[in-house]
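Reading through the structure tokens given below for one structure.
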Amino acid sequence: MSTLQLKSVKEIELEISQEFEIFDSWMDRYEYIIDLGRQLASFPDEWKNLRE
97 MSTLQLKSVK
107 EIELEISQEF
117 EIFDSWMDRY
127 EYIIDLGRQL
137 ASFPDEWKNL
147 RE
């Protein structure tokens, strides 16, 4: 039986900062964030609220 292990905020923060260290410019970082966003699953329609 496997157990789910959640990472702490500090661990996640460290991972993100290490990923961004490979980029020399803010534009490269920005493009990386855009690419990550494109890989996300679509936001479910039932969770969308067009009135707000």
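Using the working numbering, read the sequence shown as starting at 97 and increasing by one per residue.
By construction, the Cβ of each residue, glycine as well, lies at the ideal position given by its N, Cα and C atoms.
If you look at leucine 136, you'll find it isn't in any alpha helix (DSSP H); DSSP assigns it neither H nor E. Serine 113 carries a helical assignment under DSSP once its states are collapsed to helix, strand and coil. In this structure, the straight-line span from the alpha carbon of leucine 110 to that of arginine 125 is close to 16 Å.
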